[in-house]
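Down below is the structure, laid out as structure tokens.
Protein chains in written order, with UniProt numbering: chain Y, 1 to 340; chain X, 1 to 273.
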């Protein structure tokens with residue numbers, strides 16, 4: 001039986017038009033809100049272009065992707081946006097707030113993936129690291145005890161203006177090993193931050209800031225996203241003690257079923273290691289395939305968050321802890337910022 | 001024209017204001033009193049009182065707004081006065097220079113300060129070249145940087161109304177005072193300054209209230225070290241997202257602004273009475 005006549009036969013046997021249209025239609029264009037910049041370009045090159053070549057489905061990208069925007073989309077009724085990029089902790093929050101839908105993993109039928117990336121509510125598509133970096137020519141710290149030792153390693157620092165990043169690094173500076181970070185000792189972390197705050201010139205909000213501040217010689221040391229500094233000869237860096245985290249792409253609550261059918265196709269493309277290698281060529285972040293390392297340029301393996309040598313020395317974000325404690329810590333963070 | 005046709009003319013604007021501005025504000029104010037599935041609640045205000053850190057950020061905002069406003073007046077008043085004394089052509093050039101920043105994006109203007117005031121910036125290189133300082137002076141990423149940036153962005157809001165009031169002052173009034181033997185200082189304080197006072201008060205108030213809601217400049221030039229209320233609201237709205245808490249803080253901000261405005265109206269009425 002030809003495919004066309006099979007569809008006709010199936011349609012004839014279905015009782016209601018609603019189910020019929022859901023089974024038949026699949027959108028030719030869906031919308032995605034992602035975090036923008038090179039990361040967005042990597043989604044285009046790695047996943048959207050191959051999807052379009054294979055199926056003709058196009059994905060229109062917008063950015064940036066804050067949780068507030070997602071809440072506004074959902075609360076104002078269906079917006080036409082199907083896919084939304086969220087951080088690992090934010091996926092839990094969005095799930096709790098009822099802003100995202102379950103993924104149909106059977107329909108996605110993915111290639112092999114790391115287990116943490118295959119979340120009920122999101123596709124973990126991009127590993128990224130937050131690491132220490134410095135201007136070339138500075139003394140080079142080997143761990144976060146040294147990084148925060150402003151006497152032995154003089155110079156101004158820039159740190160993220162987010163407690164999620166700063167607290168675990170401060171605990172490492174206080175001597176806590178990376179496998180004992182969680183549950184976080186919040187008071188100890190703030191004590192350490194209070195000791196070094198006078199040497200922190202800038203608390204950054206946007207990932208583009210730290211490399212620029214180092215180039216301008218406003219600061220000499222930074223905690224920043226690995227993709228912003230690797231491969232630039234102006235900087236030295238070290239993955240030791242860094243934070244490995246995973247960004248997810250989730251489905252907006254209330255999305256139309258024909259849009260979701262197209263989305264499953266995109267997710268499938270995202271699971272293929274050859275596409276992930278293309279994306280890693282645009283930005284040095286890696287996809288969730290265990291078979292990816294072999295496809296990456298071997299001389300650049302040290303640049304990627306999940307290559308064996310780097311994955312071993314980093315800690316992994318504990319999204320559950322932050323989902324339970326995030327808001328309380330955030331208040332303490334605001335109080336800390338007032339004391340600067 | 002009778003009263004009803006006058007109203008007909010203004011009705012479209014009124015409807016636009018109500019639908020596009022007043023209703024969203026009411027909705028925003030209402031959010032703070034509402035909890036899904038619970039109905040009316042005061043817990044978001046209670047939360048503010050229990051954890052006064054958000055109120056302290058508001059206090060910090062008021063303090064920085066006051067400093068930036070004073071800096072604005074200190075620069076803006078002499079500038080407007082100087083412009084009044086210029087010839088016609090020079091005056092036009094001066095006005096153009098004051099207004100020009102309005103055509104440049106606030107983001108660009110704010111980033112330009114990094115080039116000017118940074119450690120390797122024009123000012124610091126100049127100071128070091130002149131031998132006035134050994135190490136770069138830290139202009140940016142502190143309250144000083146934020147104050148400079150805010151004063152720069154808001155200066156036209158003060159200078160333009162002030163200048164408009166100053167050129168309306170009749171020179172003969174000043175000459176009359178001089179002919180009666182008043183020294184320049186007395187003329188300034190007894191005649192000239194009181195005539196500019198209403199415009200100065202209005203401009204100052206405008207600048208202060210605009211300062212309260214400033215977002216871009218503290219975010220870029222504050223280096224995360226100058227917490228202000230709109231940056232906190234951004235966190236509460238976009239990241240957490242606790243819109244109800246943000247709404248409660250916004251309501252308090254609105255009340256503070258209204259109180260300041262009421263105080264101004266009272267002073268204004270007393271002055272004109």
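Backbone N, C-alpha and C fix where the C-beta goes; we use that ideal spot for every residue, glycine too.
Compare the C-beta of residue i against all C-beta atoms of chain Y and say whether one is closer than 9 Å.
{"i": "residue 51 of chain X", "result": "yes"}
{"i": "residue 85 of chain X", "result": "no"}
{"i": "residue 138 of chain X", "result": "yes"}
{"i": "residue 235 of chain X", "result": "yes"}
{"i": "residue 243 of chain X", "result": "yes"}
{"i": "residue 19 of chain X", "result": "no"}
{"i": "residue 73 of chain X", "result": "no"}
{"i": "residue 114 of chain X", "result": "yes"}
{"i": "residue 32 of chain X", "result": "no"}
{"i": "residue 146 of chain X", "result": "no"}
{"i": "residue 22 of chain X", "result": "no"}
{"i": "residue 152 of chain X", "result": "no"}
{"i": "residue 45 of chain X", "result": "no"}
{"i": "residue 141 of chain X", "result": "yes"}
Determine the burial state of residue i: buried for a count of at least 16 other Cβ atoms within 10 Å of its Cβ, exposed for fewer.
{"i": "residue 105 of chain X", "result": "exposed"}
{"i": "residue 135 of chain X", "result": "exposed"}
{"i": "residue 172 of chain Y", "result": "buried"}
{"i": "residue 17 of chain X", "result": "exposed"}
{"i": "residue 196 of chain X", "result": "buried"}
{"i": "residue 21 of chain Y", "result": "Any reading at residue 21 of chain Y needs caution, since the residue's pLDDT is 46, under 50, leaving its predicted position unreliable; the model's value is listed next. Burial call: exposed."}
{"i": "residue 312 of chain Y", "result": "exposed"}
{"i": "residue 161 of chain Y", "result": "buried"}
{"i": "residue 27 of chain X", "result": "exposed"}
{"i": "residue 10 of chain X", "result": "exposed"}
{"i": "residue 103 of chain X", "result": "exposed"}
{"i": "residue 229 of chain Y", "result": "buried"}
{"i": "residue 339 of chain Y", "result": "exposed"}
{"i": "residue 117 of chain Y", "result": "buried"}
Find the residues of chain Y that neighbour residue i, judging by a C-beta separation of less than 7 Å, and give them in chain order.
{"i": "residue 225 of chain X", "result": "203, 340"}
{"i": "residue 219 of chain X", "result": "205"}
{"i": "residue 57 of chain X", "result": "334, 338"}
In its own chain, which residues sit with a C-beta less than 8 Å from the C-beta of residue i, not counting the 5 before and 5 after it?
{"i": "residue 62 of chain Y", "result": "31, 32, 33, 34, 81"}
{"i": "residue 47 of chain X", "result": "245, 248"}
{"i": "residue 243 of chain X", "result": "31, 236, 237"}
Is it the case that the Cβ atoms of residue i and residue j are separated by a distance below 9 Å?
{"i": "residue 138 of chain Y", "j": "residue 148 of chain Y", "result": "no"}
{"i": "residue 219 of chain X", "j": "residue 233 of chain X", "result": "no"}
{"i": "residue 227 of chain X", "j": "residue 71 of chain Y", "result": "no"}
{"i": "residue 201 of chain X", "j": "residue 267 of chain X", "result": "yes"}
{"i": "residue 218 of chain Y", "j": "residue 200 of chain Y", "result": "no"}
{"i": "residue 326 of chain Y", "j": "residue 248 of chain Y", "result": "no"}
{"i": "residue 286 of chain Y", "j": "residue 127 of chain Y", "result": "yes"}
{"i": "residue 207 of chain Y", "j": "residue 303 of chain Y", "result": "no"}
{"i": "residue 245 of chain Y", "j": "residue 129 of chain Y", "result": "yes"}
{"i": "residue 331 of chain Y", "j": "residue 51 of chain X", "result": "yes"}
{"i": "residue 222 of chain Y", "j": "residue 113 of chain Y", "result": "no"}
{"i": "residue 73 of chain X", "j": "residue 204 of chain X", "result": "yes"}
{"i": "residue 250 of chain Y", "j": "residue 93 of chain Y", "result": "no"}
{"i": "residue 199 of chain X", "j": "residue 162 of chain X", "result": "yes"}
{"i": "residue 186 of chain X", "j": "residue 177 of chain X", "result": "yes"}
{"i": "residue 309 of chain Y", "j": "residue 301 of chain Y", "result": "yes"}
{"i": "residue 237 of chain Y", "j": "residue 273 of chain Y", "result": "no"}
{"i": "residue 239 of chain Y", "j": "residue 255 of chain Y", "result": "no"}
Could you work out which residues of chain X lie near residue i, taking near to mean beta carbons separated by less than 7 Å?
{"i": "residue 161 of chain Y", "result": "224"}
Within 9 Å of any Cβ in chain X, is that where the Cβ of residue i sits?
{"i": "residue 207 of chain Y", "result": "no"}
{"i": "residue 228 of chain Y", "result": "no"}
{"i": "residue 326 of chain Y", "result": "yes"}
{"i": "residue 260 of chain Y", "result": "no"}
{"i": "residue 337 of chain Y", "result": "yes"}
Output needed for residue i: all residues of its chain with C-beta closer than 7 Å, excluding positions within five of it in sequence on either side, in chain order.
{"i": "residue 25 of chain Y", "result": "258"}
{"i": "residue 133 of chain X", "result": "127"}
{"i": "residue 36 of chain Y", "result": "63, 64"}
Please report whether the beta-carbon of residue i lies at a distance below 9 Å from any beta-carbon of chain C.
{"i": "residue 217 of chain Y", "result": "In the displayed structure, chain C is absent; the protein chains listed are Y and X."}
Apart from the five residues just before and just after residue i, which ones in its own chain have a Cβ nearer than 6 Å to its Cβ?
{"i": "residue 167 of chain X", "result": "84"}
{"i": "residue 359 of chain Y", "result": "In this structure chain Y extends from 1 to 340, so residue 359 of chain Y is not present and cannot be described."}
So residue i contacts chain Y; which residues on that side make the cut at Cβ distance below 9 Å?
{"i": "residue 54 of chain X", "result": "331, 334"}
{"i": "residue 118 of chain X", "result": "216, 217, 218"}
{"i": "residue 124 of chain X", "result": "Within chain Y, no residue comes near residue 124 of chain X; the closest Cβ sits about 11 Å away, beyond 9 Å."}
Chain X partners of residue i, CB-CB under 9 Å?
{"i": "residue 343 of chain Y", "result": "Nothing can be reported for residue 343 of chain Y, as the shown portion of chain Y is limited to 1 through 340."}
What in chain Y is Cβ-close to residue i, meaning under 8 Å?
{"i": "residue 232 of chain X", "result": "334"}
{"i": "residue 108 of chain X", "result": "Those within 8 Å of residue 108 of chain X in chain Y number zero; the least Cβ separation is about 16 Å."}
Can you list the residues of chain X that residue i reaches, using a CB-CB cut of under 8 Å?
{"i": "residue 71 of chain Y", "result": "241, 243"}
Closer than 8 Å: is that where the CB of residue i sits relative to any heavy atom of the ligand FAD?
{"i": "residue 191 of chain Y", "result": "Summarising the ligand content, the structure contains no ligands, and the ligand FAD is consequently not present."}
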